[in-house]
Amino acid sequence: MDNPQTTVTFLGTSTVVPTARHDTASFMINGKYLVDTGWYAAIKMLEYGFNPMQLEYLFITHFHHDHYIGLPHLLFYLRMRRRERPDRPPLKIIGPAEDIEKVVELSRRFLQTDRFPDVECIPEIIPLNPGESYQEQAFQIDTCSTIHAVQGLCYKFTDSRSGGVFAFTGDTAYHPPIAEHIKGVPFLIHEASHGPENPKLDANTGHSGAPQAAAIAKAAGVDWLALIHCAEQSAQAALSAAQQIFPNTIFPDDGQTVALNADGVVSISA
Ligand SMILES: [Zn+2]
Ligand SMILES: [Zn+2]
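Residues in the sequence shown are numbered from 1232 upward in steps of one, following the numbering used here.
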């Protein structure tokens, strides 16, 4: 029986500097698309039963270190294990146009590919500016801007196979146009770097508090909100603060999976 679902599995939900147990914010879609690399996403994929060699796309929300620092590790992994899948097409990396080429090039230089040609791994780069879309047979992506110190993309992901749709903001200050962009999407992953308290309106931190994330979820009319990118010790307080405004909020643990189809969220694993 064919009953396809879109799965989102959190590899990490922590803030900038993670712990040995909890990586910084990063997650898998359908076991073959990775969103941000955390500090060590390639290794966390193995921990949760994913094969990095099956990875087709990497979506980067923006090029701050905590969202791309695992990129050289990932490229190195794909190269070192290439004999397992010699026919593997190059990894496709989608990300903000302003920084993507520079950071991918720096990652390759970090691996010293000129000195060690054997570790050369050339990904395909797909730069996007906020407002631009990308489509292929399996999925469509629509983006909008964020408020952050570097160019960022808020993604809406539509799975052509299951009809599942969801959105993820990346790092952003409170930005009501996001609610317009993702209107009616059943599932939203929103950052909550400031934990239970909103930052002062003039603070210009480029990050949100949990109540602001909940306000966006409410304005967008989503069914479920997942908070991420919050220090472990504030996660519970952030969750409670968001639930006051938007009761259907979770703070996912590493390894937790949310499944969706065309009807919306089907299940949230324990
Ligand atoms: Zn950032
Ligand atoms: Zn960040």
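Each residue gets a CB set at the ideal place from its N, CA and C atoms; glycine is no exception. Source: prediction; values computed, not measured.
Buried versus exposed call for residue i [16 or more other C-beta atoms within 10 Å across all chains shown]
i	result
S1498	exposed
L1419	buried
G1441	Reading off the sequence, residue 1441 comes out as Ala, not Gly. By the neighbour-count rule (16 or more Cβ atoms within 10 Å), A1441 is buried.
G1452	exposed
K1275	buried
P1303	buried
G1280	exposed
R1339	buried
D1248	This sequence places Val at residue 1248; Asp is not what is there. Looking at its Cβ environment, which holds fewer than 16 other Cβ atoms inside 10 Å, V1248 is exposed.
N1429	buried
D1318	exposed
S1424	buried
K1387	buried
G1269	buried
M1311	exposed
G1415	exposed
I1325	buried
P1427	buried
Q1443	buried
H1296	exposed
Spatial distance of residue i from residue j (CA atoms)
i	j	result
T1246	R1314	35 angstroms
S1465	L1277	27 angstroms
I1478	N1261	Just to set this straight, residue 1478 is Pro in the shown sequence, not Ile. Cα to Cα, P1478 sits roughly 27 angstroms from N1261.
A1445	S1500	21 angstroms
T1488	K1323	24 angstroms
G1486	A1473	22 angstroms
G1301	E1411	32 angstroms
G1394	G1495	9 angstroms
D1373	F1397	11 angstroms
Identity of the residues DSSP links to residue i by a beta bridge
i	result
F1418	F1397, W1455
E1355	K1323
H1293	G1383
F1388	I1372, F1397
T1238	A1490
T1480	L1456
T1255	S1245
beta-carbon residue i near ligand 3 non-hydrogen atom, thresh 8 angstroms
i	result
A1256	With respect to small molecules bound, the structure shown includes ligand 1 and ligand 2 and not ligand 3.
The segment 1400–1414 in contact with the segment 1372–1390 per 3-pair CB rule at 8 angstroms: In short, these stretches touch, since the Cβ pair count reaches three.
Three or more C-beta pairs below 8 angstroms linking the segment 1234–1243 and the segment 1337–1349: Between the segment 1234–1243 and the segment 1337–1349, the count of Cβ pairs shorter than 8 angstroms is below three; the stretches do not touch.
Closer than 5 angstroms to ligand 1: residues, by C-beta to nearest heavy atom, in chain order: Spelled out in chain order, the answer is H1295, D1402.
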